[in-house]
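Structure first, then comments.
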Amino acid sequence: MLEVRDLAVYYGPFPAVREASIRVEPGQLVGLVGPNGAGKTTLLRAVSGLLKPAAGRILFDGFDITGWPAERVCELGLVHVPEGRGLFPRLTVLDNLRLGAYLPRARVEMDRTLKEVFDLFPRLHERRRQLAGTLSGGEQQMLAIGRGLMARPRLLILDEPTLGLSPRLAYEILELVKRLKTERGLTLLVVSQEVLHLLNIADYAFVMETGRITAEGPASALISDPKMRQVYVGL
Amino acid sequence: MGRRAALLSLLVAVLLAAFPYSAPPLYALSFLTVMFMYIALAESWTILGGYAGYVSFGHVAFFGVGAYTTALLLLHLGLSPLITFPVGGLTAAAFAALVGYPVVRLQGPFFSIVTLLIALLVGLVVKNTPALGGTTGLWLPFPDMPIELNRTIFYWLMLLVAAVTIGAAAWVENSKLGLGLMAIRQNEAVAEAAGINTVRLKLIALILSAGLTGMVGGIYGYLRSYVSPEIVFDLNIAVTLFLMALFGGCRRWPGPVLGAVILSVLGEFLTLNIGEEIARIAYGLCLVLVVFFPDGLIGLVDKVRISRKPAYKGGHAAER
Amino acid sequence: MNIVWTSLISGLLLGCAYAGAAVGLSLAMGMARVFNLAHTALGLVCGYLAYFLLTTRGIDPLVAAGLLAPLMFLVGLALWPTLFRPTVRGVADPALSTSILTLGLAIVIENLLSKVWTPNPRVISTAYSNQAVNLLGLTAPAGVVIAAGLGLVLVLGIYWFLNRTFLGLAVQAVAQNPDGARLVGIRAELMSMLVFALSVGTAAVGGVGLAMIYSFGPASYFDWLLTVLLIVVVGGAGAILGTLAAALTVGIVLGLGGALLPQAWNSLILFGMLFIILLLRPYGLFR
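Protein chains in written order, with the working numbering: chain A, 15 to 249; chain B, 412 to 731; chain C, 425 to 711.
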């Protein structure tokens with residue numbers, strides 16, 4: 015569904031991503047792991063259209079979306095929940111969710127999707143009139159994921175959904191992500207610091223270090239790989 | 412500064428100084444005097460505005476403080492501004508030191524607007540203080556000498572002051588102070604982190620710049636034989652002086668000179684042939700334009716010069 | 425006591441009119457990131473145009489405002505890609521750059537107005553504008569009351585747009601988190617352009633409003649600008665209700681000050697307030 019070929023992304027003169035290639039097949043939960051500063055977020059931002067790559071190709075569902083702006087990319091169903099969540103702090107939870115369905119194709123189904131999201135996250139329903147900026151970290155993360163779901167994605171990209179959360183919350187979030195795949199058949203690409211848990215729920219994974227993809231394989235194989243131990247022990 | 416450039420500057424200075432001996436029309440002397448004044452104003456503004464990037468909209472406040480200082484010294488103590496103008500500079504510098512501390516801690520446009528407000532407020536205070544002449548202003552006695560000599564003396568004085576400010580700016584540019592100021596302009600947070608005392612440097616630049624501007628103001632009042640809030644806290648002067656610096660390029664000392672010369676000539680030409688409003692409209696348009704060329708004319712010239720050098724391979728990686 | 429009450433009411437009326445003039449700048453500064461120092465100058469142009477239409481064709485200033493607002497909206501749409509988008513996107517300090525740019529624009533506008541209409545002060549006076557209206561004990565000229573009403577309606581209209589329409593929410597979203605907005609499919613660029621054009625459109629109405637209250641000349645834009653800037657800074661750029669509250673407060677200060685203090689003090693208080701407030705909030709008001 016998503017194919018990234020030999021991508022290169024620069025921050026000014028500095029190459030943050032080099033010759034990166036990843037694939038996500040429909041229905042898969044793919045993990046992207048690596049140390050801080052490896053370029054994972056940069057890669058995702060280039061895929062979703064927030065950054066323009068300097069070289070390489072990005073293909074989604076057969077479409078060449080290289081260099082497409084973010085607004086167009088999500089029209090195709092590629093939805094990115096960014097690191098830092100990207101919420102609108104002075105708007106209510108409800109408004110944040112409604113804006114998630116901004117695209118025409120999502121807007122017609124807004125009421126139905128809203129109900130689904132509230133079923134998934136009852137806490138959000140309770141706090142629907144609260145300003146997003148006043149929510150706790152865990153609730154904000156739920157809101158961010160919920161907002162992503164409002165766009166009725168085909169591929170949902172989650173960048174560090176567990177960042178800053180307590181271990182229990184991080185666990186719950188990742189379990190929820192797994193349910194999104196198993197119960198709703200969503201395709202997911204997830205970056206997380208919780209490497210062990212992520213590899214446990216993922217089908218396939220890529221390892222990224224200093225801008226390059228240094229390893230890949232079925233998640234179960236990577237867990238037992240000694241090199242991987244070095245990566246996630248070094249985290 | 413290169414040997415050739417230094418010689419050239421000296422030549423120009425000597426020629427300019429000798430100019431009055433050619434019995435030119437008084438108008439030419441007056442025009443050049445005002446042009447030198449703007450060179451001096453733009454140059455002293457640049458020390459804070461160009462090097463540190465702190466664009467002051469209200470520098471004319473210091474100009475006015477200097478003018479009023481020498482005017483009062485003349486009226487109450489009988490001292491000629493031709494001698495006391497440095498005192499005008501000192502008062503302006505002291506004033507800057509007084510208000511400077513909270514003001515230099517402001518960022519970007521807030522700093523600019525606050526400086527504008529300072530000019531306005533000082534103007535208002537003066538307007539409402541009868542001892543300072545109030546709204547009617549102060550009339551200064553005309554120096555007792557033939558007009559040609561009068562104009563020539565002011566010509567030389569302004570030329571001197573222009574040279575002094577150019578020297579000051581050039582000195583700052585090549586000093587550690589200048590380096591620090593430019594670091595502040597590039598990225599103040601980084602400069603702070605690198606251990607530069609940004610507040611102190613900005614304050615020094617402000618005080619120096621204000622003092623030089625005050626000196627110029629001290630002469631101007633006497634030149635006009637009249638100081639009033641309108642004349643010396645004139646927002647047109649305020650905008651013109653930084654426009655000239657921005658236009659010519661305020662990263663290096665030759666910039667404001669270039670800007671002042673070109674815009675003075677342009678302004679005068681338009682005023683004489685079409686009208687004052689058209690001249691100001693032209694200035695306004697230049698201000699709009701200048702935003703797209705933040706390094707000014709000098710910046711453009713530099714870019715052309717660099718791209719002509721044979722050693723340049725014409726490549727840095729495609730910018731994102 | 426009576427004079428305090430009447431100057432309070434008249435101050436509130438003034439505040440409403442100023443709110444209409446200020447809301448656009450609040451939008452521009454808070455959401456489009458443009459320090460539009462030419463905001464009141466554009467409003468002044470519309471004031472002059474309304475005057476022109478009134479004196480030459482007998483067109484009522486309210487009608488003129490209704491015509492000028494969409495016209496200025498289009499002007500805003502045209503200005504954005506030509507002048508402002510390149511400045512906001514490509515430059516290190518867009519706030520400073522836009523303030524210099526718009527200052528230049530304001531100077532151009534002032535001198536154009538001076539050229540066309542001379543510096544002589546003008547007054548917008550219709551058949552009804554001097555009729556006395558009795559409002560809560562104050563006898564105010566109808567022109568002032570109408571201008572106040574105009575301003576109030578404008579502010580409330582903008583508030584309704586931003587908070588009760590989906591498009592308005594999208595605009596707020598872009599202002600609060602441009603990346604987040606783009607990721608849900610909102611065209612951030614378009615929204616910025618829209619909100620800027622809106623701000624210019626409201627400047628038209630606000631300008632006509634102020635022109636109905638005060639006699640004006642080409643240089644009037646400057647005093648108006650400082651007052652409006654004060655309102656936006658106090659109320660918070662981008663906060664519509666805050667702008668209204670600040671405008672009413674400033675209006676009251678002006679009203680009371682005008683009645684109780686000698687004339688010269690008015691400006692001093694205004695500029696002094698702005699000065700102090702800017703000093704005390706050095707971290708700026710862009711969120």
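Glycine included, each C-beta is placed from N, C-alpha and C at the ideal position.
Beta-carbon proximity check, residue i vs residue j, cutoff 8 Å
{"i": "G628/B", "j": "G499/B", "result": "yes"}
{"i": "S441/B", "j": "L551/B", "result": "no"}
{"i": "V547/C", "j": "S639/C", "result": "yes"}
{"i": "S431/C", "j": "G682/C", "result": "yes"}
{"i": "P642/C", "j": "S538/C", "result": "yes"}
{"i": "G659/B", "j": "A649/B", "result": "no"}
{"i": "G199/A", "j": "V93/A", "result": "no"}
{"i": "A690/B", "j": "L696/B", "result": "no"}
{"i": "G633/C", "j": "L574/C", "result": "yes"}
{"i": "L43/A", "j": "V204/A", "result": "yes"}
{"i": "G675/C", "j": "G666/C", "result": "no"}
{"i": "M569/B", "j": "F447/B", "result": "yes"}
{"i": "R662/B", "j": "G534/B", "result": "no"}
Distance between beta carbons of residue j and residue i, contact taken as under 8 Å
{"i": "A530/B", "j": "G469/B", "result": "3 Å"}
{"i": "V595/C", "j": "L618/C", "result": "7 Å"}
{"i": "L58/A", "j": "D75/A", "result": "So it is not a contact: roughly 17 Å between Cβ atoms."}
{"i": "I570/C", "j": "M636/C", "result": "7 Å"}
{"i": "A628/C", "j": "C470/C", "result": "4 Å"}
Residue-chain proximity (residue i, chain C), Cβ-Cβ < 8 Å
{"i": "E89/A", "result": "yes"}
{"i": "L249/A", "result": "Legend: pLDDT at L249/A = 46, less than 50; position of this residue unreliable, value from coordinates given subsequently. By this cut-off, L249/A is not an interface position."}
{"i": "R166/A", "result": "no"}
{"i": "I361/B", "result": "Residue coverage of chain B in this structure runs from 412 to 731, which leaves residue 361/B outside it and unanswerable."}
{"i": "E140/A", "result": "no"}
{"i": "L426/B", "result": "no"}
{"i": "E85/A", "result": "yes"}
{"i": "F447/B", "result": "no"}
Within-8 Å CB hit, residue i to chain A
{"i": "A445/C", "result": "no"}
{"i": "G439/C", "result": "no"}
{"i": "L608/C", "result": "Contrary to the premise, residue 608/C reads as Val rather than Leu in this sequence. It does; some Cβ of chain A falls within 8 Å."}
{"i": "A597/C", "result": "yes"}
{"i": "D603/C", "result": "yes"}
{"i": "R611/C", "result": "yes"}
{"i": "L593/C", "result": "yes"}
{"i": "Q600/C", "result": "yes"}
Cβ of residue i within 8 Å of any chain B Cβ
{"i": "S523/C", "result": "yes"}
{"i": "V532/C", "result": "yes"}
{"i": "L698/C", "result": "yes"}
{"i": "P706/C", "result": "Reliability fails at P706/C, whose pLDDT of 45 lies under 50, so the model's placement of it is uncertain and the value that follows must be treated cautiously. Yes, contact with chain B."}
Separation of residue j from residue i, as counted between CA atoms
{"i": "N539/B", "j": "L549/B", "result": "13 Å"}
{"i": "L451/C", "j": "G482/C", "result": "33 Å"}
{"i": "V676/B", "j": "Y566/B", "result": "17 Å"}
{"i": "A428/B", "j": "L571/B", "result": "9 Å"}
{"i": "V178/A", "j": "G152/A", "result": "According to the sequence displayed, residue 178/A carries Gly and not Val. Roughly 9 Å between the two C-alpha positions."}
{"i": "W504/C", "j": "A621/C", "result": "8 Å"}
{"i": "V31/A", "j": "L65/A", "result": "12 Å"}
{"i": "T506/C", "j": "T526/B", "result": "29 Å"}
{"i": "G631/C", "j": "L493/B", "result": "47 Å"}
{"i": "P419/C", "j": "T479/C", "result": "With chain C represented from 425 up to 711, any question about residue 419/C goes unanswered, as that position is not in the structure."}
{"i": "L591/C", "j": "I531/C", "result": "34 Å"}
{"i": "G639/B", "j": "Y472/C", "result": "Gly is not the amino acid found at residue 639/B; the sequence shown has Ser there. One C-alpha to the other measures close to 30 Å."}
{"i": "L145/A", "j": "T626/C", "result": "28 Å"}
{"i": "C440/C", "j": "A671/C", "result": "7 Å"}
{"i": "T127/A", "j": "L111/A", "result": "10 Å"}
{"i": "L709/C", "j": "D517/C", "result": "Per-residue confidence for L709/C stands at a pLDDT of 41, beneath the threshold of 50, marking its modelled position as unreliable; no derived number is given."}
{"i": "L108/A", "j": "L588/B", "result": "54 Å"}
{"i": "V656/C", "j": "G454/C", "result": "9 Å"}
Q: Report the residues of the stretch 649–680 of chain B with a CB closer than 7 Å to any CB of chain C, ordered along the chain.
A: Taking 7 Å as the upper bound on Cβ-Cβ separation, chain C lies near residues V650 of the stretch 649–680 of chain B.
(Q) By the 7 Å beta-carbon criterion, what residues does the stretch 53–82 of chain A contribute toward chain C? (A) Residues passing the 7 Å Cβ filter: S62 and L64.
Q. If you measure beta-carbon to beta-carbon, which residues of the stretch 20–41 of chain A are closer than 7 Å to chain C?
A. Close to chain C, meaning a Cβ-Cβ distance shorter than 7 Å, is no residue of the stretch 20–41 of chain A at all.
(Q) For the stretch 90–116 of chain A, list every residue whose C-beta sits within 9 Å of some C-beta in chain C, in sequence order. (A) Per Cβ criterion, the list reads V93, H94, V95, P96, G98, R99, G100, L101, F102, P103, R104, L105, D109, N110, R112, L113, G114, A115 and Y116.
(Q) Please list, in chain order, the residues of the stretch 510–529 of chain B that have any C-beta partner in chain C closer than 8 Å. (A) Shown in chain order are the members of the stretch 510–529 of chain B whose Cβ falls below 8 Å from a Cβ of chain C: P513, V514, R516, L517, Q518, G519, P520, F521, S523, I524, V525, L528 and I529.
Q: Using a Cβ-Cβ cut-off of less than 9 Å, give me the residues of the stretch 148–161 of chain A that come near chain C, in sequence order.
A: Those would be A158 and R161, in chain order.
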